[in-house]
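Visitor: Heads up: the sequence shown begins at 94 in the numbering used here, then just goes up one per residue.
Below is a structure I'd like to ask you about.
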Amino acid sequence: MPTYAIRVDLSALIEAIPCVIDESVLPRLALAVRKFAEQAELDWKEDVLRAHGVWIDHKKQYAASIQTRQLGPFSYEVFSDLKLAEAIETGRPAYDLKRMLDSSLKVRRTKDGRRYLIIPFRHNTPGNDALARPMPQDIYKIVGKKGFGKSLITGVGWRNSGTGALSTQTRRGHNQTKGEAVRVATRKYVWGDRLPAGLAGKLKPHHATDIYAGMVRMNTSSGKQKSSKYLTFRVMREGVPKWIIPARPGLNIAQGVADRLRPLAEEAFREAVVRSVEEA
């Protein structure tokens, strides 16, 4: 079953006529039904790609999932079976991202016992928007220049997980003994320069600072292949009213397309029937 669908369907009306009616009897009507199904698909895709408040990758996925299938000579269905279509069409409730503190073994503990995670955010170079937001050109001119000190991972160690969970098995490669605290990998760094705050505006009013504050340039070179990765780090801590994705109302895109095309389709179908009868 499709998640969302727009159906262009006159089959019930045609079947009520006490004779055999197919596309050879009413060719203009059959053509009109097909054309409106095709138009519904085009309009639906265009409206999805123009929608506000939806990530561009999600819009692209949603638009690509919309397709048309014929159910009968006078019946078509334009549909999407993409799971995230429901959240876009009907909305979603608020979601507290701090719930991941309940499941991640990487949690740490503050001195007063509160759990927290250090969350890395990647920033792409200008013009590259794959998997992460590209930074502005003026920011890149600072962090990308030769004089900006690079940060480097120098090794990997092990630490006890802040969950307090105990290991159920011995794992020699993890320096882990059954019955002891679960251990997780931790990286060792030599830090270079960091971008100061205030070089860009806040992305959202509730943010404490701009999203580029504290950015580091990680040296990810391998052999003769030189490369860098640009990261910022933010702390997710329990007991604070942050890291909550607000509720989002539904956009009702499919319903809007159907409502807009319905009166046009009804008029076109009436005209197609009249002309098919006149030409019979």
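Idealized CB from N, CA, C, for every residue including glycine.
1. Starting from His216, follow the alpha helix (DSSP H) in both directions and report where the run begins and ends.
2. Just how far apart, CA to CA, sit Lys204 and Leu210?
3. Contact between the stretch 339-348 and the stretch 166-182: three or more CB pairs below 8 Å?
4. Could you compute how far the alpha carbon of Leu106 sits from the alpha carbon of Phe362?
5. Quick check on DSSP: helix, strand or coil for Glu371?
6. Note the first and the last residue of the continuous alpha helix (DSSP H) segment covering Ala123.
7. From the DSSP output, in three-state form, read off Leu259 for me.
8. Tell whether a beta-carbon distance below 7 Å holds between Thr325 and Gly307.
9. Which parts of the stretch 156-243 are runs of the alpha helix (DSSP H), unbroken and 4 residues or longer, counting only runs that do not cross its ends?
10. State the CB to CB distance for the pair Arg215 and Ala223, rounded to an integer number of angstroms; the pair is presumed to be in contact (CB under 8 Å).
11. Just the C-alpha distance for His145 and Asp286, rounded to the nearest angstrom, thanks.
12. Going by beta carbon distance, what residues of the same chain come within less than 6 Å of Glu371, once the five residues before and after it are set aside?
13. Between the C-alpha atoms of Ala293 and Ile304, what's the straight-line distance to the nearest angstrom?
Guide: Concretely, from the data shown:
1. Careful: His216 lies outside any alpha helix (DSSP H), inside the beta strand (DSSP E) at Arg208 to His216.
2. 14 Å
3. yes
4. In this predicted model, Leu106 has a pLDDT of only 49, less than 50, meaning its place in the structure is not dependable enough to derive any value.
5. helix
6. Pro120 to Arg143
7. strand
8. Against a cut-off of 7 Å, the Cβ pair of Gly307 and Thr325 comes out as a contact.
9. Here the runs fully enclosed are 178-183 and 230-236.
10. Their Cβ separation, rounded to whole angstroms, is 10 Å, which puts Arg215 and Ala223 out of contact at 8 Å.
11. 36 Å
12. none
13. 8 Å
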